[in-house]
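Asks:
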Amino acid sequence: MPRNAITAIDPVADAMVGTSRQTDELLWIATETRRTPMEFTGRKKGSRTAAAALSALALFLATIVSGCGTSPIYPPVTIEYRDSLFGIGKVVIISNPSSHHLYNVRVVGRNLQEMSSASVKATDHLSPGSFVQVGWLEFENWAPQPGESIEVYADGYVVPAVSIIPKD
């Protein structure tokens, strides 16, 4: 940029202009920085919002992929079934084969054809190697039937472990 262009942009720079090309370039950068700092850094207006949105998206994706802490995405449980002793539906057996303690284990049963569901807090704490059973009494008279889905939730896990009750 010619020296007289700097003078036209900023009268203060005119008093500081030296004779070398390097001085002219530094004054041009200083003048441009004072006028429009976002152009000097190469950013466009609004890019802060875009950068914040991109950071939030990256954090969200990292949380989904890794789960919370070092845990997998869904609780490490085994879901099995047995016939009810009362002859009313099935009993859901939730085992914890992992070495991790599971807290606030919740079970949701869904019948998508009838659009019905029931949920129950199975236990506050499921120790490693232990299990809990949930049937129609715990579901408050909702009896799990073959073909229905069972979802097991636990604190610290992003999505539930899901299983379909098998037909006999």
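This note's numbering puts the first residue of the sequence shown at 67, with every later residue one more than the last.
Positions of the beta carbon are idealized from the N, C-alpha and C atoms, including for glycine.
Quick check: Y140 and P226, are their CB atoms within less than 8 Å of each other?
Replies: A contact, by the Cβ cut-off of 8 Å.
Asks: Shortest alpha-carbon distance to Q207 belongs to which of N170, T115, G175, F197?
Replies: The identity of residue 207 in the sequence shown is Asn, whereas the question assumes Gln. Of the listed residues, the one whose Cα sits closest to N207 is G175.
Asks: Could you give the distance in angstroms between the alpha-carbon of S229 and the alpha-carbon of S165?
Replies: Taking the straight line from one Cα to the other gives about 22 Å.
Asks: What three-state label does DSSP hand A220 in the structure shown?
Replies: If DSSP states are grouped into helix, strand and coil, A220 belongs with coil.
Asks: For the beta strand (DSSP E) that contains A184, what are its first and last residues?
Replies: Note, A184: beta strand (DSSP E), 182-192.
Asks: So D27 is in the beta strand (DSSP E); what residue range does that whole segment cover?
Replies: Residue coverage of the chain in this structure runs from 67 to 234, which leaves residue 27 outside it and unanswerable.
Asks: Once the 5 residues before and after S196 are set aside, which same chain residues still bring their CB inside 8 Å of it?
Replies: For S196, where only same-chain residues beyond five positions count, the Cβ hits under 8 Å are S161, N162.
Asks: Where does A227 sit, in a helix, a strand or coil, going by DSSP?
Replies: Here A227 sits in strand by DSSP.
Asks: Which same chain residues, not among the five before or five after E217, have their C-beta less than 6 Å away from its C-beta?
Replies: So the list reads V174, P226, V228, once near-sequence residues are dropped.
Asks: Can the beta-carbon of V158 be found closer than 8 Å to that of S150?
Replies: The answer is no: Cβ separation not under 8 Å.
Asks: Please look up how many angstroms separate the CB atoms of S185 and R172, rounded, as I've assumed it's under 8 Å.
Replies: With 8 Å as the limit, S185 and R172 qualify as a contact, their Cβ atoms being about 6 Å apart.
Asks: If we count the other Cβ atoms within 10 Å of its Cβ and call it buried at 16 or more, is Y169 buried or exposed?
Replies: The residue is exposed, with fewer than 16 neighbouring Cβ atoms inside 10 Å.
Asks: When you compare each of Y223, M181, H167 to L192 by their alpha carbons, which one comes out closest?
Replies: Nearest option by C-alpha distance: H167.
Asks: Just to confirm my understanding: we take Y147, look at its own chain, exclude 5 residues before and 5 after, and list those with CB closer than 8 Å. What are they?
Replies: Only K156, V157, V158, I159, P210, I231, P232 meet the Cβ criterion.
Asks: Based on DSSP bridge pairs, tell me the residues matched to L168.
Replies: Answer by DSSP bridge pairing, in chain order: L192.
Asks: Which residues in the same chain have their Cβ closer than 7 Å to the Cβ of D234, if we skip the five residues on either side of it in sequence?
Replies: P212, listed in sequence order.
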